[in-house]
Amino acid sequence: MQFSEDERLRRAELPKQRAKEYHRLYKGKIEISLKVPVRSYDDFAIWYTPGVAEPCLEIKENEDAVFEYTNRGNTVAIVTDGTRILGLGDIGAAAGLPVMEGKALLFKYLGGVDAIPICLGTKNAAEIISAVRWLSPTFGGINLEDIETPKCFGILETLREKLEIPVWHDDQQGTALVTLAALINALKVVGKDLKDVKIAFVGAGAAGISCFKYVVKAGARPKNIVMCDSKGILHPARKDLSDEKRRVAELTSPEGAGGIAEALEGADVCISMARPGPGVIKKEWLRRMNDGAVSFNCANPVPEIWPWEAKEAGVKIVGTGRSDFENQINNALGFPAVFRGALDVAARKITDEMCLAAARAIAEFADERGLSESYIIPKLEETEVFIREAVAVGLEAMKQGVARKKLSKQELKEAAATKIKRAQEILKLLMREGLVRLP
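Heads up, the sequence shown is in the numbering used here, so the first residue is 25 and it goes up one at a time.
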């Protein structure tokens, strides 16, 4: 069905209009629930004192036993300082809480993972690192979220070195692996090879730089890549580059000065992780791209250019970060399943190889179902993709020697499927019983 531009814009605004009403109605999106039976008050002697002393003493003797006796092995902290919330910028820790609760909802529903928002009242990198280290005995994993560049790079690197649980930054690893999965399949549809295409990156923050890193690991040639930030194309002669941007500039092949328009000249792929649009990328710039062009415009809450405008400019395959348009390149396809797989083997870290395994699993799942211009990546309702991805991550963790537990492929599949199904069925039951009311 074809809609006028006014109708398209109206539909695009609907989620924003409903969000405020629904959030006020429910007073947030998550709560703590119980997972053990309480047959009578006598059971408290098992779940609390005096019985609880027994597992405590065993954990004292063998700290890894905590993953068997508590929910630590299924609990993730979502940590933010509120400095880079979606496309809204530095709005503060409290204002970021609705986003972190939304993240927790996705963790639980899509991955069966219990996630707790931790919005820190500091913007100091050293204090953030200390806070996470102090809190880490409670959690089986740490998901850093919406922390501004460049400090997010150092925070991630330090915590990965210091902690014996998975730590990742979703704006880096999560965005990168899902974008890579979409790119693998988009290039199949247009009949191009990753090692040959010219790629223009628009935006040089945590997401853009990590996407660059992953597409290169997957086979793209750095000399075929150009990256822009808000001041233009990254090149070694610029004196204003951070260390991360300078490394990109030295690896890529910028053709002199210029901005987005020049970067898109003769490009096969545009991967944009810039500021919210529309109007950040213009139709006339996309017309400079090669035939069979692919453009991922992933700014939230509004893409850098509306997808219908990109199509009008001649782009063959368009992706955005939004669920109300085709080809949603959504981190939610990544983080619930990656943590599901990592937690099920009690992994000590999440490696780049585990993330690449997840990207391949996502791409293969969609490929098996039949790729097209409007379907290059699975939809969130395709639950099986999360199970496949979790299995791939768990297997890679064991292969790399970072897993505490050893499970077979079938055991990994059953573990992931059981936890994901349980989370979804519990919510359906609560809705049927009216304990979670409909809006």
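Quick reminder that beta carbons are idealized off the backbone N, C-alpha and C, glycines included.
{"query": "Beta-carbon gap between alanine 205 and isoleucine 386 smaller than 8 Å", "result": "yes"}
{"query": "Beta-carbon gap between glutamate 82 and alanine 89 smaller than 8 Å", "result": "yes"}
{"query": "Nearest residue (CA-CA) to asparagine 248, options Ala224, Thr199, Ala118, Asn355", "result": "Ala224"}
{"query": "Alpha helix (DSSP H) runs wholly inside the region 258–335, at least 4 long, in chain order", "result": "267–275, 284–288, 307–310"}
{"query": "Chain-order list of residues whose beta-carbon lies under 6 Å from that of asparagine 321 (same chain, five-residue window excluded)", "result": "Ser296, Pro327, Glu328, Ile329, Thr344"}
{"query": "Member of Phe389, Ala334, Glu308 whose CA lies at the smallest distance from the CA of glutamate 413", "result": "Phe389"}
{"query": "4 or more residues per run - each alpha helix (DSSP H) lying fully within the region 218–248", "result": "230–241"}
{"query": "Selection from Glu435, Lys373, Lys147, Thr407 that minimises the alpha carbon distance to valine 100", "result": "Lys373"}
{"query": "Presumed contact (8 Å Cβ cut-off) between valine 362 and valine 426, rounded CB distance", "result": "In fact, because the Cβ distance is near 13 Å, the residues do not count as touching under 8 Å."}
{"query": "Closest by C-alpha distance to alanine 150, when choosing among Gly126, Ile142, Gly178", "result": "Gly178"}
{"query": "Rounded straight-line distance, which links the Cα of glycine 458 to that of valine 318", "result": "45 Å"}
{"query": "Sequence-distant residues of its chain with Cβ nearer than 7 Å to tyrosine 46 (five each side left out)", "result": "Pro463"}
{"query": "Any beta strand (DSSP E) of 3 or more consecutive residues that is wholly inside the region 114–178", "result": "138–143, 165–168"}
{"query": "Assigned exposure category for threonine 104 - 16 Cβ within 10 Å defines buried", "result": "buried"}
{"query": "Secondary structure of glutamine 41, DSSP reduced to three states", "result": "helix"}
{"query": "Which of helix, strand or coil DSSP assigns to threonine 99", "result": "strand"}
{"query": "Contact check, leucine 121 vs proline 141, beta carbons under 8 Å", "result": "yes"}
{"query": "Boundaries (first-last residue) of the alpha helix (DSSP H) holding isoleucine 450", "result": "433–456"}
{"query": "Status (buried if at least 16 other CB within 10 Å, exposed otherwise) for glycine 303", "result": "exposed"}
{"query": "4-residue-minimum alpha helix (DSSP H) runs that sit fully inside the region 350–432, ordered along the chain", "result": "359–368, 376–393, 408–423"}
{"query": "Buried or exposed (CB count within 10 angstroms, at least 16 for buried), valine 221", "result": "buried"}
{"query": "Proximity of aspartate 368 and leucine 310 at Cβ, strictly below 8 Å", "result": "no"}
{"query": "Per-residue burial, aspartate 195 [other beta carbons within 10 Å of its own, 16 or more giving buried]", "result": "buried"}
{"query": "Proximity below 8 Å, CB of alanine 370 to CB of glycine 136", "result": "no"}
{"query": "Three-state secondary structure assigned by DSSP to aspartate 30", "result": "helix"}
{"query": "Residue closest to valine 214, alpha-carbon to alpha-carbon, out of Lys443, Asp315, Pro402", "result": "Asp315"}
{"query": "First and last residue of the uninterrupted beta strand (DSSP E) at threonine 199", "result": "Element bounds for threonine 199: not the beta strand (DSSP E) but the alpha helix (DSSP H), 199–214."}
{"query": "Closest Cα partner of phenylalanine 131 within the set Leu404, Lys452, Leu49", "result": "Leu404"}
{"query": "Best match in Leu357, Lys307, Leu58 for proximity to glutamate 336 [C-alpha to C-alpha]", "result": "Lys307"}
{"query": "Contact set for alanine 285: own chain, Cβ-Cβ below 6 Å, skip 5 residues either direction", "result": "Trp309"}
{"query": "Assumed close pair leucine 110, valine 123 - CB separation to whole angstroms, cut-off 8 Å", "result": "6 Å"}
{"query": "Buried or exposed by the 16-neighbour rule on C-beta atoms within 10 Å, applied to cysteine 294", "result": "buried"}
{"query": "Beta-carbon proximity check, proline 325 vs leucine 357, cutoff 8 Å", "result": "no"}
{"query": "Separation of isoleucine 56 from isoleucine 257, as counted between CA atoms", "result": "47 Å"}
{"query": "Residues of its chain near glutamate 377, where Cβ-Cβ distance is below 7 Å and the 5 sequence neighbours each way are ignored", "result": "Glu420, Gln424"}
{"query": "8 Å Cβ cutoff met for leucine 183 and valine 156", "result": "yes"}
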